[in-house]
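The structure under discussion appears below in the form of structure tokens.
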Amino acid sequence: TVLVVDFGAQYAQLIARRVREARVYSEIVPSTMPVDEMLAKNPAAIILSGGPSSVYAEGAPRLDRTLFEAGVPVFGMCYGFQLMATALGGTVDDNGAREYGRTPLTVSRTSSTLFEGTPAEQSVWMSHGDACSAAPEGFTVTASTDVVPVAAFENDEKKLYGVQYHPEVMHSTHGQQVLEHFLYRGAGLKPTWTTGSVIEEQVEAIRAQVGDKRAICGLSGGVDSAVAAALVQKAIGSQLTCVYVDHGLMRKGETEQVEKDFVAATGANLKVVDASERFLTALAGVSDPETKRKIIGREFIRVFEQAQLEILQEDGPEVAFLVQGTLYPDVVESGGGTGTANIKSHHNVGGLPDDIEFELVEPLRKLFKDEVRMVGAELGLPDEIVQRQPFPGPGLGIRIVGEVTKDRLDLLREADAIAREELTAAGLDREIWQCPVVLLADVRSVGVQGDGRTYGHPIVLRPVSSEDAMTADWTRMPYDVLAKISTRITNEVADVNRVVLDVTSKPPGTIEWE
Ligand code: XMP
């Protein structure tokens, strides 16, 4: 395992992903973890991430220098580089030598461990205030910039390396190569971590955890629950029952994808609960977005628990486990706790015996999203599931501005299917993070079609580009694709006579309209 020590500011997750792209397993630890605890994990190498602080700032995160004396290869990046420099007796000046953004780097030794085979001039991403002016004793300076005399240093004997820049970001043109040189040449690691090995390891762990008991998994139609279920299915077969609640708010073809394609690919036991009538009834007369969300959430839990109860009452071994598609970023962001949490099913809504408690099975806890997709593909799940874009739990219920009715849902499903079909045909599925299609059910406008006047509803297209849905920008997509979608929707979907494009970023607009 390579440990990535997190000095804050979100660089650590990216570094951990880059290490895994190099096929070496990595884990993130907080910089507050004592060094002996880090070393007790027996790491094959340690990477110190960048961070927002100056090493001279009061309260800036520190690192005990024993870390550098344990014989474990260490690679410091940005803040980590400066910590390393100061800890080992180099000089870091607080002299206002700031660099920010894309910066030319001059490599003085292209035959070094880190820079072997990379060009003498390369572009790197800088983000720092202080600058290293003298490397610690025993280190060779291997790169510099106009502003920073020591932008990289290496000590092959002690296996200690550092760069002032951020090799993990895309703008550092040879960053991945430099990182791989540290891992393979500096630390002597082999690229052996593959999705195949993840699957094997997880299958064994799941079998050991579940034993001969049974497990339940809720499928949402999303990537994470589908891959988690497929992995558990591979491990324990018929001891797993999947539950899919059809709330009637899914897009065209999505329920069929779960009912047919997922089952065909995995052979899983699937219990489908068609609750669309129930949801429609509960949503009747409701236009307020938060109320809609609450109703959908509440009904969902009720239906899911009823299904659980039915499974509990079937003959067979005890049902003791609930499968969840928790991913590594959730684990890191919630403090990285390693214990297995127990979840008590919300039985305040009636039906479940007081004493049922499930233990969680979370086979994706160590994986990033892109790795989850790879595992899914390797397990034989179809692309439509594995490459699926984000879709909100409350579904089309929050994409109809106004009351949700069966007719409106059918209309929106048609419009959405056309938009998705054309976006896919135009090859835009990767560039676009997601494209909500929204029906303004309470708005009507005048149009003309054939010889007649129409008085119909507008459909909004909301294509956004994003990294993580926290912020987003509207996608500058080709006009001809927009034109095609607009023409098809107004021709093919009754009661829609206008298509409009949402050109708002997030913030201030959210991605969804409700
Ligand atoms: P907003 O609209 O807040 O959406 O910018 C951010 C991301 O979250 C998705 N979203 C949801 N996902 N349950 C979900 O599972 C929800 O209730 C929900 N609401 C929004 C949205 O599609 C976008 O990807």
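Here the sequence shown is numbered in full-length UniProt numbering, starting from 13 and rising by one per residue.
Cβ coordinates follow ideal geometry from the N, Cα and C atoms, glycine included.
Keep in mind the model is a prediction, meaning the values are calculated, not measured.
#1: Curious, which full-length alpha helix (DSSP H) runs of at least 4 residues does the segment 393-462 contain?
#2: With hydrogens ignored, establish whether the beta-carbon of residue 301 is closer than 7 Å to any heavy atom of the ligand XMP.
#3: In whole angstroms, give me the CA-to-CA distance for residue 216 and residue 340.
#4: For residue 74 and residue 96, what's the separation of their Cα atoms in angstroms?
#5: Going by DSSP in three states, residue 482 sits in which element: helix, strand or coil?
#6: Taking the alpha-carbon positions, what's the residue 443 to residue 174 distance?
#7: Counting along the chain, where does the beta strand (DSSP E) carrying residue 508 start and finish?
#8: Nearest by alpha-carbon distance to residue 67: which of 29, 393, 142 and 519 is it?
#9: Do you know how far the Cα of residue 382 is from the Cα of residue 183?
#10: According to DSSP, simplified to helix, strand and coil, what is residue 87?
#11: Is it true that the segment 296-303 meets the segment 206-223, where meeting means three or more beta-carbon pairs spaced less than 8 Å apart?
#12: Starting from residue 40, trace the alpha helix (DSSP H) in both directions and tell me its first and last residue.
#13: For residue 503, which of helix, strand or coil comes out of DSSP?
#14: Might you give, ordered along the chain, the residues of its own chain that have their beta carbon closer than 7 Å to the beta carbon of residue 316, omitting 5 neighbours on each side?
#15: Does the Cβ of residue 462 have 16 or more other Cβ atoms within 10 Å, making it buried, or fewer, making it exposed?
#16: May I have the straight-line CA-CA distance separating residue 283 from residue 319, to the nearest angstrom?
#17: Flag residue 406 as yes when its Cβ comes closer than 7 Å to any non-hydrogen atom of the ligand XMP, and as no otherwise.
#18: Out of curiosity, what's the CA-to-CA distance linking residue 399 and residue 480?
#19: Within its chain, find whatever has a CB closer than 7 Å to the CB of residue 459; leave out the 5 residues flanking it on each side and keep chain order.
#20: So within the segment 304-343, which uninterrupted beta strand (DSSP E) runs reach at least 3 residues, ignoring any that extend past its ends?
#21: With burial defined as no fewer than 16 other Cβ atoms inside 10 Å of the residue's Cβ, what is the status of residue 236: buried or exposed?
#22: According to DSSP, is residue 301 helix, strand or coil?
#23: Closer than 7 Å by C-beta to residue 204: which residues in its own chain qualify, once you throw out the five before and the five after it? Chain order, please.
#24: Between 249, 221, 180 and 169, which lies nearest to residue 197 when the distance is taken from Cα to Cα?
#25: Leaving aside the five residues before and after residue 417 along the sequence, list all residues of the same chain whose C-beta is less than 7 Å from its C-beta, in chain order.
#26: Measure the beta-carbon distance from residue 37 to residue 16 and round it to whole angstroms, keeping in mind my assumption that it falls under 8 Å.
Let me lay it out:
#1: Whole alpha helix (DSSP H) segments, 4+ residues: 395-398 and 418-437.
#2: Residue 301 has its Cβ no nearer than 7 Å to any heavy atom of the ligand XMP.
#3: 19 Å
#4: In this structure, the alpha-carbon of residue 74 lies about 10 Å from that of residue 96.
#5: coil
#6: 34 Å
#7: 508-513
#8: 142
#9: Residue 183 and residue 382: Cα-Cα distance of roughly 20 Å.
#10: strand
#11: no
#12: Premise fails: residue 40 lies in the beta strand (DSSP E), 38-42, not in any alpha helix (DSSP H).
#13: helix
#14: 230, 255 and 257
#15: exposed
#16: 8 Å
#17: Because some heavy atom of the ligand XMP lies under 7 Å away, the Cβ of residue 406 counts as near it: yes.
#18: 15 Å
#19: 466, 468, 509 and 510
#20: For the segment 304-343, whole beta strand (DSSP E) runs of length 3 or above, ordered along the chain, are 331-335.
#21: buried
#22: Under the three-state reduction of DSSP output, residue 301 falls in the helix class.
#23: For residue 204, where only same-chain residues beyond five positions count, the Cβ hits under 7 Å are 35.
#24: The shortest C-alpha separation from residue 197 is found at 169.
#25: Cβ-Cβ distances below 7 Å link residue 417 to nothing in the same chain once the five nearest sequence neighbours on each side are left out.
#26: Between residue 16 and residue 37 the Cβ distance is about 11 Å, and since that is not below 8 Å, they are no contact.
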